Every structure is written in C-alpha cells, then in structure tokens.
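Chemist: Sequence order for the protein chains is A and B.
Residues 38 to 127, numbered by my numbering, are exactly what the first sequence covers, in order.
Residues 9 to 255, numbered by my numbering, are exactly what the second sequence covers, in order.
For each residue, glycine too, the CB sits at the ideal point set by N, CA and C.
What you are looking at is a predicted structure, and each value in this text was computed from that prediction instead of being measured.
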Amino acid sequence: MSFNANEFITLFKSFGLTESIDNIVSNNANNIIWFVFFAVFAFFFIYSLILIYHWFKYGGGLFAIWLAIIVYFSVSFILIAAIYISAIII
Amino acid sequence: MSIINPIRNSHEVFKSSQELKLSNPVKVRENSSYTNSLQDKRSASASNGTNNPYRKWRGIISNGINISPDEKIKITLRKHWFILLKDIFGLIILYIAPFIVYLYFFDNAVITEFFNNKIYARPTLPIIIFAISIWTLIAWIKLFTIWTDYYLDVWFITNKRIIDIEQKGFFRREISTFRMERIQDITIEIKGILQTFLDFGDIHVQTAGESQEFIIRGIGHPKQIKEIIMHQSDIALEDRNQIPAIN
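#1: Is there a Cβ from chain A that is less than 9 Å from the Cβ of Y103 of chain B?
#2: Would a C-beta distance cut-off of 9 Å place L85 of chain B and G228 of chain B closer than the cut-off?
#3: Going along chain B in order, which residues have a C-beta closer than 7 Å to the C-beta of L116 of chain A?
#4: Give the interface partners of P134 of chain B over in chain A, defined as CB-CB distance under 7 Å, in chain order.
#5: Secondary structure at R86 of chain B, three-state DSSP: helix, strand or coil?
#6: Output needed for R225 of chain B: all residues of its chain with C-beta closer than 6 Å, excluding positions within five of it in sequence on either side, in chain order.
#7: Do you know offhand how far W89 of chain B's Cα is from L133 of chain B's?
#8: Nearest-angstrom Cα distance between T144 of chain B and F93 of chain A?
#9: Can you find at least 3 beta carbon pairs, one from the region 103-113 of chain A and one from the region 173-185 of chain B, that sit closer than 8 Å?
#10: DSSP three-state call for T195 of chain B: helix, strand or coil?
#11: Which same chain residues end up closer than 6 Å to A216 of chain B when comparing Cβ atoms and leaving out the 5 residues on each side of it in sequence?
#12: How would you label G96 of chain A, buried or exposed, when you count the other beta carbons within 10 angstroms and need 16 or more for buried?
#13: Where DSSP assigns a beta bridge to W163 of chain B, which residues make up the other side?
#14: Name the two residues that bound the continuous alpha helix (DSSP H) containing F81 of chain A.
#15: In chain A, which residues lie with their C-beta within 7 Å of the C-beta of W89 of chain B?
#16: At the 9 Å Cβ level, is F152 of chain B part of the contact set with chain A, yes or no?
#17: Can a CB atom of chain B be found closer than 9 Å to the CB of A119 of chain A?
#18: Answer yes or no: does any C-beta atom of chain B fall closer than 9 Å to that of I80 of chain A?
#19: Give the residues of chain B in contact with I87 of chain A, contact being defined as C-beta atoms less than 8 Å apart.
#20: Nearest-angstrom Cα distance between F100 of chain A and F114 of chain A?
#21: Tell me whether the beta-carbon of M8 of chain B lies closer than 9 Å to the beta-carbon of I223 of chain B.
#22: CB-CB under 7 Å to L151 of chain B, same chain, minus the five flanking residues each way: which ones, in chain order?
#23: Taking 8 Å as the limit between beta carbons, can you name the residues of its chain near R169 of chain B, skipping five residues before and five after?
#24: Taking just the CA atoms, how far does E235 of chain B sit from I194 of chain B?
#25: Check the Cβ-Cβ distances between W71 of chain A and every residue of chain B, and say whether any is below 9 Å.
#26: Measuring alpha carbon to alpha carbon, tell me which residue in A:S85, A:I70, A:F74 is nearest I117 of chain A.
#27: Output the distance between the C-alpha atoms of W103 of chain A and I75 of chain B, rounded to the nearest integer angstrom.
#28: Does R180 of chain B come out as helix, strand or coil in the three-state DSSP assignment?
#29: Tell me the DSSP secondary structure of T185 of chain B in three-state form.
#30: Go ahead and pull the three-state DSSP assignment for I224 of chain B.
#31: Output needed for L160 of chain B: all residues of its chain with C-beta closer than 6 Å, excluding positions within five of it in sequence on either side, in chain order.
#32: Exposed or buried, which one is T204 of chain B when buried takes at least 16 other CB atoms within 10 Å?
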C-alpha cells in the first residue's frame, strides 16, 4: 500500500469545518496557544494534587515516595518550562 | 537489629529461612522484633504527636487496617515488576504512535496545504517543542498514574491474616482481609513462558465458609509465598486449637 499525499489533502479538504477552523486559528493564534498552555497546566496541577494526596495518604511517606516526588516534579518542571518558553516565542 | 522497611517488592520475601526452610529464599530477614517494636512505637506515636520517627508508618497501618498488638506483619507483597513493565510498555507505544504517524504519513506540504497554506501552519521549532512537550507531559503524568496504581496495590501477610489492598484508579480502593485459620487450600498458577522464567504467577486461596476464592495476581515467587502462607495458617490453626485446652 503506497502513501499518496494528494489523497490525504483531498480527504482533509472534504471536511466542511476546515475553512472555519482555519479562520478561527488564524485570527486567534496567540490566544489559542495560551489557552492550550493554561489548560495543560491546570490538568497537570489537578492531577499532581491527586497523585500527592494518594502518595502521602497511602504511601506511608517512604523513601520511594519521596524519590517519586522529586523525579516527578523535576521532569514536570522542565517540560512546563519548555512549554512556557516555546509559547512565548510562538 | 536494624529497622527494615515493611514495604518491598513482591519478589522480596522477609522471613527466617531457618523457621520456614524455604528451598530458595530471595531475601531473608527476621522482622518479628521489628514489628513488635513497631506496635509499641505506634502507641507512642499516637500520644507523642509528630516528633516520633515511627509516624511514617501511620499511612500504612491506619488506613482501614487495624492491627492488634499481637499481630505481626510477616511479609509485604506487590505485583511482580513485569506487570508494571507491561503497563509502561503500552504507554510507550501510545506515546510514540503520533510521531510514527507524523513521520510516515505526513510531511510539511500536506499540513500547510491542510491549513490553506497559512504561514502559522508551517511547523517551526517552537511549535514542535510546544507540541512535543505537551504530549510528553501528559505521558509523564500517565506514567506516574500507572506507577501509583502499582505501588498502592499491596498485600500484607501477617501471622493472623492476609490483607489485600487494591487500588482501582484514583477513587476506588478495596481492602479485604482473610483470617489465616480459615484458609483451606492454596493453589498457585504459573502459566506461560514469561511467568515460568521470571517466576511469577497467581495464588488462589480457598477459604472456609461463604467467602469466595481469594486470588493474589501477578505475584513474584508464588511457591515461596504459598509456603509462608501455609506455615502461618498452620500456626494460626494450632493457636486456635490450644485455646479450648487451656480453658
């Protein structure tokens, strides 16, 4: 089975919303980027709270839990920083 | 004797080999004096407030598990590491799938054409970093969700009971207990080449009365665990039989 780019383009073009989405995106690109950023950050924040709640309540404050917290938040901080910086540049 | 951590991986078995005469004990540790002291310190912790170093065990013992003073935690078990690895492998496949789809089925020409050749549609480096970072963050959170689910599924085998704590998602937690003297039969089930070579499987514990069969799934070293449970069950039965004789 070979890949045909034109078929894909035709397929996408067949969606009626493509033009309207295009207009929305082109007029609000900056707002959309920041909306996505804050949505992801809110998701991360809420999920992290739930994780920490379970780790502390049921994990017993053991070494593995503290290690998990350090690793989890270290990498998450780097990823959020990357998202934030790239959002500013965009 | 140094204080040991009662929570370990499923394949780590803490018990005196002299007492149990296990054929292949993985880790051997006598912890009865530790658990004795733990009970004493628990009482002290309740009265002394937060300065007690044994306060860290509060989470394990107080969450729906009431351990009597003469009850000792013999082993703490978790599922075999391969179970965790299998879940993580699924996540990795899910994580790399969009990259494979993008690289093999799309190119910049298709995407820019899709967005009517607008300049913003051309994926610049910041856009790529933005998208990849978001996707990676979501996968990272999911990874720790899987690990948390694995870590909070735990079995405590005490000298009196088997305590099964099962975490199903974030907001469903089931705690079951089975008394040692009610155990009638234990069957282990190791199926497949991986379970055979990695030495893990299921333990089916049949209890007396109306209780259903109790299954410990994906546990490491099931033969040794079976021996330990049987041994504790025998002791519990002997203790129960001695009580009427004394009275």
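Modeler: Here's the rundown:
#1: Here residue 103 of chain B refers to the residue found at position 95 of the second sequence. For Y103 of chain B, the answer is no, since every Cβ of chain A falls outside 9 Å of its Cβ.
#2: Here residue 85 of chain B refers to the residue found at position 77 of the second sequence. Here residue 228 of chain B refers to the residue found at position 220 of the second sequence. Their beta carbons are under 9 Å apart, which means L85 of chain B touches G228 of chain B by this criterion.
#3: In the first sequence, counting from the first residue as 1, residue 116 of chain A sits at position 79. Per Cβ cutoff of 7 Å: S141, T144, L145, W148.
#4: As a first step, residue 134 of chain B must be located in the second sequence, where it is residue number 126. Those within 7 Å of P134 of chain B in chain A are S123, I126, I127.
#5: Here the question's residue 86 of chain B lines up with position 78 in the second sequence. R86 of chain B: coil per DSSP, three-state reduction.
#6: Here the question's residue 225 of chain B lines up with position 217 in the second sequence. Excluding residues within five positions, the ones whose Cβ falls inside 6 Å are D210.
#7: As a working note, residue 89 of chain B is residue 81 in the second sequence. As a working note, residue 133 of chain B is residue 125 in the second sequence. Approximately 38 Å, taken between the alpha carbons.
#8: Translated into the one-based positions of the second sequence, residue 144 of chain B becomes position 136. Translated into the one-based positions of the first sequence, residue 93 of chain A becomes position 56. For T144 of chain B and F93 of chain A, the distance between alpha carbons rounds to 25 Å.
#9: no
#10: The sequence position of residue 195 of chain B within the second sequence is 187, counting from 1. Correct three-state label for T195 of chain B: strand.
#11: Translated into the one-based positions of the second sequence, residue 216 of chain B becomes position 208. These residues qualify, in order along the chain: R190, Q192.
#12: Walking along the first sequence from the start, residue 96 of chain A turns up at place 59. G96 of chain A comes out buried.
#13: Position 155 of the second sequence, counting from 1, holds the residue named residue 163 of chain B. According to DSSP, which records beta bridges pairwise, W163 of chain B is partnered with B:L85, B:D172.
#14: Within the first sequence, numbered from 1, the residue matching residue 81 of chain A stands at position 44. 66-96 is the extent of the alpha helix (DSSP H) around F81 of chain A.
#15: Start at 1 with the first residue of the second sequence, and residue 89 of chain B comes out as number 81. Result: empty, since nearest Cβ-Cβ is about 13 Å, beyond 7 Å.
#16: Along the second sequence, read from residue 1 onward, the residue named residue 152 of chain B stands at position 144. Closer than 9 Å: yes.
#17: The count along the first sequence starts at 1 and reaches residue 119 of chain A at position 82. Yes, because at least one Cβ of chain B sits closer than 9 Å to the Cβ of A119 of chain A.
#18: Reading the first sequence from its first residue, position 43 is the one you call residue 80 of chain A. The question names Ile, yet the displayed sequence has Phe at residue 80 of chain A. True, the Cβ-Cβ gap to chain B drops below 9 Å.
#19: Numbered from its first residue, the first sequence carries residue 87 of chain A at position 50. Result: F178.
#20: As a working note, residue 100 of chain A is residue 63 in the first sequence. As a working note, residue 114 of chain A is residue 77 in the first sequence. Their Cα atoms are separated by approximately 21 Å.
#21: Since the first residue shown for chain B is 9 and the last is 255, residue 8 of chain B is missing from the structure and cannot be characterised.
#22: Walking along the second sequence from the start, residue 151 of chain B turns up at place 143. Cβ neighbours of L151 of chain B beyond the five flanking positions: I96, L99.
#23: Sequence index remark: in the second sequence, residue 169 of chain B carries index 161 (1-based). Around R169 of chain B: E79, T185, F186, R187, M188.
#24: Within the second sequence, numbered from 1, the residue matching residue 194 of chain B stands at position 186. Within the second sequence, numbered from 1, the residue matching residue 235 of chain B stands at position 227. Cα to Cα, the separation comes out at about 9 Å.
#25: Taking the first residue of the first sequence as position 1, residue 71 of chain A is located at position 34. Taking Cβ atoms only, chain B never reaches closer than 9 Å to W71 of chain A, which makes this a no.
#26: For the purposes of this step, residue 117 of chain A is taken as residue 80 along the first sequence, with counting starting at 1. Ranking A:S85, A:I70, A:F74 by Cα distance to I117 of chain A puts A:F74 first.
#27: Within the first sequence, numbered from 1, the residue matching residue 103 of chain A stands at position 66. Within the second sequence, numbered from 1, the residue matching residue 75 of chain B stands at position 67. W103 of chain A and I75 of chain B: Cα-Cα distance of roughly 26 Å.
#28: Taking the second sequence and counting its residues from 1, the one referred to as residue 180 of chain B is at position 172. Looking at R180 of chain B - three-state DSSP - the assignment turns out to be coil, as it is neither helix nor strand.
#29: Within the second sequence, the letter at position 177 stands for residue 185 of chain B. Strand at T185 of chain B.
#30: Translated into positions along the second sequence, residue 224 of chain B becomes position 216. The answer is strand: DSSP assigns I224 of chain B an E or B state.
#31: Along the second sequence, one-based indexing puts residue 160 of chain B at 152. Closer than 6 Å at Cβ, skipping near neighbours: Q175.
#32: Position 196 of the second sequence holds residue 204 of chain B. Exposed is the call here.
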